[in-house]
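Residue 235 in numbering that gives the first Met the number 0 sits at position 236 of the sequence shown, with consecutive numbering throughout.
Note that CB positions come from ideal geometry on N, CA and C, so glycine has one too.
For clarity, every value in this text was computed on a predicted model and none was experimentally measured.
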Amino acid sequence: MDLHSGKSNWIDSLLALPSFPSLEHDVSCDVLVVGAGECGALCAYELVNRGLDVIVVDKRKAASGTSSASTGMLQVSNDKSLYSCINSLGQERGVRFYSLCRQALDHLELLSSTLDADCQFKRRDSLYFASCEEDVPSLRTEYETLSKYGFDVDYLNESDIGSRYSFRKPAAIYYRNDAEMNPYRFVNALLRHVSRQGARIFEHTEVKRHTALKDGIVFHTPNHRIRARYAVVAAGYETQEWRRNSNAVMESTFAIATQRLDGFPGWPGRCLIWETARPYLYMRTSADNRIVAGGLDERTDNPAERERMLRHKSVLLVERLRQLFPGISELRAEYAWTAAFARTHDNLPLIGPQEAFPRCYFALGYGGNGSVYSTIASQIVAGLLVDGHHPDAELFRFDRPSKDTEIFV
0 MDLHSGKSNW IDSLLALPSF PSLEHDVSCD VLVVGAGECG ALCAYELVNR GLDVIVVDKR
60 KAASGTSSAS TGMLQVSNDK SLYSCINSLG QERGVRFYSL CRQALDHLEL LSSTLDADCQ
120 FKRRDSLYFA SCEEDVPSLR TEYETLSKYG FDVDYLNESD IGSRYSFRKP AAIYYRNDAE
180 MNPYRFVNAL LRHVSRQGAR IFEHTEVKRH TALKDGIVFH TPNHRIRARY AVVAAGYETQ
240 EWRRNSNAVM ESTFAIATQR LDGFPGWPGR CLIWETARPY LYMRTSADNR IVAGGLDERT
300 DNPAERERML RHKSVLLVER LRQLFPGISE LRAEYAWTAA FARTHDNLPL IGPQEAFPRC
360 YFALGYGGNG SVYSTIASQI VAGLLVDGHH PDAELFRFDR PSKDTEIFV
């Protein structure tokens with residue numbers, strides 16, 4: 000699968016990349032992790048920390064898939080509001096989902112601080128504004144729900160927004176203690192860390208097929224075999240080539256990074272910003288003082304089609320930024336890229352075993368909060384594999400009932 004095209008700003012932020020060999024002989028291990036992106040690296044980290052012998056393989060250069068195309072926004076809130084989660088999952092499970100996202104964000108902060116590279120992790124607040132008047136009642140309901148269950152939020156009316164920002168919107172929720180990071184630096188640093196902890200990583204090593212045995216699985220690359228007791232499939236959107244999940248929706252997303260800027264007038268605190276419209280616009284700033292913005296998703300997974308759209312989408316993204324921040328002069332897109340993107344109909348990630356894949360666990364952080372979801376997935380998969388259970392696994396299982404498809408409310 001052609002996962003992305005164009006070039007993200009993150010690629011130029013890290014010139015000294017870790018290098019891993021390709022597989023040149025038969026090997027065996029406790030757990031094979033398929034995928035050396037963010038989710039695969041997080042899974043390997045959790046498993047190595049539990050004392051397991053881990054091998055990680057990727058058919059590309061490690062960390063070169065959609066991890067390099069992420070915008071690195073880390074949030075407690077999700078495409079599916081807490082109010083909607085409670086309606087569809089029940090109060091306990093809906094609130095638990097949001098609490099898991101908050102815990103995952105805290106875990107990412109701690110983990111990034113232990114790595115030997117600056118992952119540019121920084122706590123940021125978030126502004127989630129109503130794109131139109133019709134969205135205000137739902138936004139107000141969401142604010143009240145978040146506040147009721149202990150999430151640190153404020154409600155801003157149009158006057159509040161206009162007095163703080165260089166734009167006016169009908170209303171907004173202001174979230175405290177979300178975060179941002181450089182996803183490319185993070186994944187590469189984490190892979191280097193787990194390699195030093197004993198994991199064996201092989202890039203440019205494609206798994207073609209596998210054979211289930213009574214006491215393990217044999218995975219076949221073009222020239223060699225990998226025998227494992229268990230496997231974790233963290234191959235991102237390409238996992239749909241293993242088995243198409245009816246709950247998964249493949250789309251295309253677009254992003255830009257501007258030139259370096261001297262300042263961000265009308266943008267207090269350089270908070271993360273997104274909106275209620277679907278598909279939504281989202282933006283952040285980077286450590287080297289760029290605006291990174293994305294969105295305008297299209298319901299196509301055709302690589303050639305999304306590449307044809309990229310130039311027009313980048314123009315639209317710059318225009319949206321100019322409308323929001325007229326005080327920032329001469330904005331232009333210095334980087335532009337497009338990538339495959341997957342979400343689920345019920346807007347929860349897919350985590351756990353699947354029928355017809357014995358001794359395999361899947362970690363699919365599909366959705367707009369992918370880094371947070373991947374963190375949750377890595378912890379659940381490690382619990383299932385090592386302990387035989389995890390208290391939150393039921394929430395994300397592949398065969399869960401799905402009774403709504405709405406994203407906002």
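In this chain, the beta strand (DSSP E) harbouring A292 covers 290 to 297. Straight-line measurement puts the Cα of P17 at about 39 angstroms from the Cα of V94. For M308, the enclosing alpha helix (DSSP H) begins and ends at 302 to 323. Contact between the segment 258 to 268 and the segment 70 to 89 is absent, with fewer than three C-beta pairs closer than 8 angstroms. Note that the segment 15 to 32 touches the segment 222 to 233; at least 3 beta-carbon pairs, one per stretch, sit closer than 8 angstroms. The Cβ atoms of F324 and S165 lie closer than 8 angstroms to each other.
The segment 202 to 215 and the segment 295 to 312 do not touch, with fewer than three beta-carbon pairs separated by less than 8 angstroms. If one requires a minimum length of 4 residues, the alpha helix (DSSP H) runs lying completely within the segment 29 to 115 are 37 to 48, 81 to 88, 90 to 113, in chain order.
With respect to the 8 angstroms criterion, G34 and T65 are not classified as neighbours on the basis of their beta carbons.
Counting the other Cβ atoms within 10 Å of the Cβ of H389 gives 16 or more, which makes it buried.
Scanning its chain for C-beta atoms nearer than 8 angstroms, with the 5 sequence neighbours on each side dropped, one finds around Q322 the residues F166, in chain order. For I327, there is no enclosing alpha helix (DSSP H), since its DSSP letter is neither H nor E.
Here the C-alpha atom of A234 lies approximately 22 angstroms from the C-alpha atom of L110. If you draw a straight line from the Cα of Y372 to the Cα of K147, it comes to about 24 angstroms. Excluding five sequence positions before and after V248, the CB atoms of its chain that fall closer than 6 angstroms to its own CB belong to R342, given in chain order. Taking the C-beta atoms as reference points, N181 is found nearer than 8 angstroms to Q119.
Going by DSSP, F397 is part of no alpha helix (DSSP H) at all; its letter is neither H nor E. For the segment 156 to 220, the full-length beta strand (DSSP E) segments reaching 3 residues or more read 170 to 179, 199 to 201, 208 to 211, 216 to 219 along the chain. If you compare the alpha carbons of F263, K58, L384 with that of H219, the shortest gap goes to K58. CA-to-CA, the gap between W9 and L347 works out to about 27 angstroms. When C-alpha distances from F340 are compared across I379, Q378, G326, G294, the shortest belongs to G294.
Of the residues R319, N187, N368, D296, the one whose Cα lies closest to the Cα of W336 is D296.
Judged by DSSP secondary structure, S130 falls outside any alpha helix (DSSP H); it is assigned neither H nor E.
Per DSSP, I350 is one residue of the beta strand (DSSP E) stretching across 349 to 351. A straight-line Cα-Cα distance of about 18 angstroms links L114 and R199.
Take the alpha-carbon of G161 and the one of D151: they are about 22 angstroms apart. Contact between R139 and Y154 holds, since their C-beta atoms are separated by about 7 angstroms, short of 8 angstroms.
Residues of the same chain with a CB within less than 6 angstroms of the CB of S377, apart from the 5 flanking positions on each side, are L41, C42, E45 in chain order. When secondary structure is reduced to three states using DSSP, T343 falls in the strand class. At a Cβ-Cβ threshold of 8 angstroms, F128 and A61 do not count as neighbours. Here P136 is exposed: its Cβ has fewer than 16 other Cβ atoms, across all protein chains shown, within 10 Å.
Between the alpha carbons of V55 and A303 lies a gap of roughly 30 angstroms.
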